[in-house]
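Undergrad: I'd like to ask some things about the structure below.
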Amino acid sequence: MIAFITGVTSGIGKASAKEFAKHQYHLIITGRRKEILESLKTELENQYAIQVLPLCFDVREEEEVKNAIQSLPAHFKSIDVLVNNAGLAAGLGPIQEGEIQHWERMIDTNIKGLLYVTKYVSNLMVAQKKGHIINVGSIAGKEVYANGNVYCATKHAVDALNKGMRIDLLPHGIKVSAIHPGMVETEFSIVRFDGDVNRAKKVYENMIPLSADDIAETIYWMASRPSHVNINDVVIMPSVQANATTVIRN
Numbered sequence: 004m005i006a007f008i009t010g011v012t013s014g015i016g017k018a019s020a021k022e023f024a025k026h027q028y029h030l031i032i033t034g035r036r037k038e039i040l041e042s043l044k045t046e047l048e049n050q051y052a053i054q055v056l057p058l059c060f061d062v063r064e065e066e067e068v069k070n071a072i073q074s075l076p077a078h079f080k081s082i083d084v085l086v087n088n089a090g091l092a093a094g095l096g097p098i099q100e101g102e103i104q105h106w107e108r109m110i111d112t113n114i115k116g117l118l119y120v121t122k123y124v125s126n127l128m129v130a131q132k133k134g135h136i137i138n139v140g141s142i143a144g145k146e147v148y149a150n151g152n153v154y155c156a157t158k159h160a161v162d163a164l165n166k167g168m169r170i171d172l173l174p175h176g177i178k179v180s181a182i183h184p185g186m187v188e189t190e191f192s193i194v195r196f197d198g199d200v201n202r203a204k205k206v207y208e209n210m211i212p213l214s215a216d217d218i219a220e221t222i223y224w225m226a227s228r229p230s231h232v233n234i235n236d237v238v239i240m241p242s243v244q245a246n247a248t249t250v251i252r253n
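Each residue of the sequence shown is one higher than the one before, counting from 4 in our numbering.
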């Protein structure tokens with residue numbers, strides 16, 4: 004079995020790579036930080052005796068995505084699971100004060116990047132008449148919160164694309180699922196706040212958020228259901244979080 008996972012250099016992507024490796028999947032891992040990809044390749048191959056192919060490219064660049072996927076070795080083209088994990092938030096403020104570069108970064112990564120990867124990987128799956136695409140969304144794709152505007156819009160797009168993909172790929176025997184996490188402590192908030200670690204830490208103060216491992220374990224569970232079962236949609240939250248903004252802190 005082969006899993007293709009995007010955004011593997013940190014957080015949910017890295018945890019997902021380790022989870023699938025633990026279950027003896029061979030891996031195609033992608034991201035923009037080559038040294039991390041290479042280090043993870045060595046770690047997982049040594050620990051689990053699997054094959055790992057690192058692909059260093061930016062999902063926002065369609066030509067890079069196309070070239071990387073079309074140049075896959077033949078034995079890596081039989082992809083069983085695609086985890087569209089690459090995504091980010093940039094900035095947190097009212098729409099009238101939004102920074103254009105933040106908006107473009109989120110739209111290019113969360114929507115266009117997901118589309119580019121899906122287009123080229125799904126064609127491989129269509130040719131083999133099987134596969135499973137798992138899209139990583141967010142609670143921000145199910146509701147909207149103050150100052151989340153464009154990020155919420157991009158994750159609502161992921162939710163809609165997930166439903167559309169499921170319809171389009173159904174005749175080809177391809178499953179399509181999505182997981183929508185609430186608060187997960189990764190590099191997410193550090194990226195959102197342009198590297199401000201102290202501000203990012205405050206997001207998770209006095210509460211127990213989800214971990215990247217929690218999400219990775221659930222993604223693998225979705226992928227490991229019997230062939231006649233598809234998990235369409237999972238919303239997963241910390242037990243102290245009721246919705247995007249209601250959190251109990253102690």
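Glycine residues also receive a C-beta, built at the ideal position from the N, C-alpha and C atoms.
Would residue 122 be called buried (16 or more neighbouring beta carbons within 10 Å of its own) or exposed?
TA: So residue 122 ends up on the exposed side.
Undergrad: Just how far apart, CA to CA, sit residue 246 and residue 218?
TA: Spanning the two alpha carbons is a distance of roughly 17 Å.
Undergrad: Would you check if the segment 30-48 and the segment 56-71 touch, i.e. whether three or more CB-CB distances between them fall below 8 Å?
TA: The segment 56-71 is in contact with the segment 30-48.
Undergrad: Pull up the CB-CB distance for residue 255 and residue 14, whole angstroms please, since I reckon it's below 8 Å.
TA: Here the chain covers residues 4 to 253 and nothing more, so residue 255 does not appear.
Undergrad: Over what stretch of residues does the alpha helix (DSSP H) that includes residue 221 continue unbroken?
TA: Element bounds for residue 221: 215-226.
Undergrad: Measuring only the C-alpha atoms, how far is residue 197 from residue 16?
TA: Each residue's Cα considered, the two are about 20 Å apart.
Undergrad: Over the uninterrupted beta strand (DSSP E) stretch that includes residue 178, give me the two end residues.
TA: Element bounds for residue 178: 177-184.
Undergrad: Could you name the residues of the same chain whose beta carbon sits closer than 6 Å to that of residue 251, not counting the 5 residues immediately before and after it, in chain order?
TA: The residues are 243.
Undergrad: For residue 85, I'd like the list of residues in its chain whose CB is within less than 6 Å of its CB, leaving aside the five on either flank, ordered along the chain.
TA: So the qualifying residues of the chain are 7, 124 and 136.
Undergrad: With distances taken between CB atoms, is the gap from residue 225 to residue 157 smaller than 8 Å?
TA: No.
Undergrad: Taking DSSP's pairing of strands, which residues face residue 59 in a bridge?
TA: Residue 59 pairs with 34.
Undergrad: Report all residues from its chain with a CB closer than 8 Å to the CB of residue 22; omit the five preceding and five following residues, and keep chain order.
TA: These residues qualify, in order along the chain: 216, 219, 220, 222 and 223.
Undergrad: Following the continuous alpha helix (DSSP H) through residue 82, name the residue where it begins and the one where it ends.
TA: That residue, residue 82, is in no alpha helix (DSSP H); it is neither H nor E in DSSP.
Undergrad: Go ahead and label residue 185 buried or exposed: buried means 16 or more other beta carbons lie within 10 angstroms of its beta carbon, across all protein chains shown.
TA: Its Cβ being crowded by 16 or more others within 10 Å, residue 185 is buried.
Undergrad: Write down the C-beta distance between residue 148 and residue 92 rounded to the nearest angstrom, noting that I regard them as a contact closer than 8 Å.
TA: Not a contact, Cβ separation roughly 11 Å.
Undergrad: Would you mind giving the Cβ-Cβ distance between residue 182 and residue 140, rounded to the nearest angstrom? I have them listed as a contact below 8 Å.
TA: About 7 Å separates the two Cβ atoms, so the contact holds.
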